[in-house]
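Visitor: Numbering (the working numbering), first residue to last: 1 to 329.
Every residue gets a Cβ at the ideal spot worked out from N, C-alpha and C, and that includes glycine.
Mind looking over this structure? Questions follow.
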Ligand SMILES: NC(=O)c1ccc[n+]([C@@H]2O[C@H](COP(=O)([O-])OP(=O)(O)OC[C@H]3O[C@@H](n4cnc5c(N)ncnc54)[C@H](O)[C@@H]3O)[C@@H](O)[C@H]2O)c1
């Protein structure tokens, strides 16, 4: 059995953001058409080491994508110089069940999460969008920026997060070699003022910008909140958006405080969600209908996006003859 091993450096040279956006659109389409088998993720507690090991697995027949993403959450790891959240994707040959590839799951997650916002931004934001506000400068931020730059002709990028030093560092790195004007912002109000597209990718339990100050016609991506306590998006956005699109209905409606908090107050109902990204791709729900309409995309992630993007990455690596092949049997 031959297994192709792919690290981040190789993966960066194999698949660009544009290809990743096409991969997640294909995954979204299959998911919303009911042509995927994505069981609930399994969770094992490893109490001796204060850890949790999560198994996100599934099968997408049309893309020949079969496998699992292993994500571990070990909060004490940084004390010994190890990531608190290591992730690995293991793919199988759908015909034989043999493992075909093992790849860096942290990078794949960043790429496909950026690509999800990219796909939603391409389908929902105004075509003449020029100003992009990025809130959050952590591990996911770089690919979120790349995704918006891949789908719109952005002229100005505003960046804000809790720690201004981190904002400045992020801006210095991210702006290198780019034609856009980058601005390190000291407040979220400064970042979103007049912005055409806003992406929030934070670990915040409270709204990270004032929804009432958002420009008419703005498109917003909510990427960070994935527990009932977390809610980075102002309720004003959720309640006033003309269209609300989610990556998976099942995940977002049961996981994110962006929806669960207004639902608990009785101001928001599941029926207010327009549809899934796949419905939009499949032409089964409407996207933006006017230049003034506020559009909102919420993602909490799903194995379907990891497995399809991972399988495409593997196929492209074979074509480009990249990666390291090992033989274990
Ligand atoms: N939707 C998905 O599929 C998906 C995939 C991966 C990660 N995520 C989630 O995205 C979030 C961000 O991930 P990360 O790896 O970049 O995290 P990180 O810890 O590396 O960075 C978090 C960022 O949030 C900022 N922040 C926190 N509170 C803030 C506030 N009140 N105002 C402004 N900025 C604030 C921090 O300053 C930091 O820049 C996490 O919650 C993660 O679980 C979602």
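1) In this structure, how does DSSP classify residue 72 when only helix, strand and coil are distinguished?
2) Helix, strand or coil for residue 296, going by three-state DSSP, please let me know.
3) DSSP puts residue 57 in a beta bridge; with which residues?
4) So is the beta-carbon of residue 244 under 7 Å away from any non-hydrogen atom of ligand 1?
5) Tell me which same chain residues have a C-beta within less than 6 Å of the C-beta of residue 133, skipping the five on either side of it?
6) Give a single yes or no on whether residue 226 has its beta carbon closer than 7 Å to a heavy atom of ligand 1.
7) Measuring from the CB of residue 208, is there a heavy atom of ligand 1 at a distance below 7 Å?
8) Give the DSSP bridge partners of residue 182, in chain order.
9) May I ask you to list the residues that DSSP assigns as paired with residue 329?
10) Are the C-beta of residue 168 and some C-beta of chain C separated by less than 8 Å?
11) Any heavy atom of ligand 1 closer than 7 Å to the beta-carbon of residue 88?
12) Ignoring anything shorter than 4 residues, give me the alpha helix (DSSP H) runs that lie fully in the segment 246-324, in order along the chain.
13) Using 10 angstroms around the beta-carbon of residue 225, count the other beta-carbons present and answer buried if the total reaches 16, otherwise exposed.
14) According to DSSP, which residues form a beta bridge with residue 164?
15) Please return the same chain residues whose Cβ sits closer than 6 Å to the Cβ of residue 305, not counting the five positions on each side in sequence.
16) Any contact of the segment 152-171 with the segment 121-133, i.e. 3+ C-beta pairs under 8 Å?
17) Going by other Cβ atoms of all chains shown within 10 Å of its Cβ, with 16 needed for buried, is residue 78 buried or exposed?
18) Label residue 48 either buried or exposed according to how many other C-beta atoms from any shown protein chain fall within 10 Å of its C-beta, with 16 as the threshold for buried.
19) Is the segment 102-111 close to the segment 80-91, with three or more CB pairs under 8 Å?
20) Give me the residue from 241, 41, 251 and 271 with the minimum Cα distance to residue 124.
21) Span of the beta strand (DSSP E) holding residue 133?
22) What three-state label does DSSP hand residue 243 in the structure shown?
Guide: So, from the data block:
1) On the chain shown, position 72 is the one that residue 72 refers to. Reduced to three states, the DSSP call for residue 72 is strand.
2) Translated into the one-based positions of the chain shown, residue 296 becomes position 296. Of the three classes helix, strand and coil, the one that applies to residue 296 here is strand, per DSSP.
3) Mapped onto the chain shown, residue 57 falls at position 57. Paired residue(s): 68.
4) Walking along the chain shown from the start, residue 244 turns up at place 244. Flag unset: Cβ of residue 244 not near ligand 1.
5) If you number the chain shown from 1, residue 133 lands on position 133. If we look at residue 133 and ignore the five residues flanking it on each side, its Cβ neighbours are 158, 191, 192, 195 and 198.
6) As a first step, residue 226 is located in the chain shown; it is residue number 226 there, counting from the start. Yes - ligand 1 has a heavy atom lying nearer than 7 Å to the Cβ of residue 226.
7) Against the chain shown, residue 208 aligns to sequence position 208. It does: the Cβ of residue 208 is within 7 Å (strictly closer) of some heavy atom of ligand 1.
8) As a working note, residue 182 is residue 182 in the chain shown. Looking at the DSSP output, residue 182 shares a beta bridge with 157.
9) Here residue 329 is taken as the residue at index 329 of the chain shown, counted from 1. According to DSSP, residue 329 bridges with nothing at all.
10) No chain C appears in this structure, which consists of one protein chain only.
11) In the chain shown, counting from the first residue as 1, residue 88 sits at position 88. Between ligand 1 and residue 88, a heavy atom-to-CB distance of less than 7 Å is absent.
12) 249-255, 257-265, 277-281 and 303-320
13) Stepping through the chain shown from its first residue, residue 225 is reached at position 225. It counts as buried.
14) Counted from its first residue, the chain shown places residue 164 at position 164. None; residue 164 has no bridge partner.
15) Within the chain shown, residue 305 is the residue found at index 305, counting from 1. So the list reads 24, 27 and 112, once near-sequence residues are dropped.
16) yes
17) For the purposes of this step, residue 78 is identified with residue 78 of the chain shown, where counting begins at 1. Result: exposed.
18) The sequence position of residue 48 within the chain shown is 48, counting from 1. Residue 48 should be labelled exposed.
19) Three or more Cβ pairs drawn from the segment 102-111 and the segment 80-91 lie within less than 8 Å of each other, which places the two stretches in contact.
20) Residue 124 sits at position 124 when you count from the first residue of the chain shown. Checked all of 241, 41, 251 and 271; the closest Cα to residue 124 is 241.
21) Locating residue 133 in the chain shown gives position 133, counting from the first residue. Where residue 133 is concerned, the enclosing beta strand (DSSP E) stretches over 131-135.
22) For the purposes of this step, residue 243 is taken as the residue at position 243 of the chain shown. Residue state, collapsed to three classes: strand.
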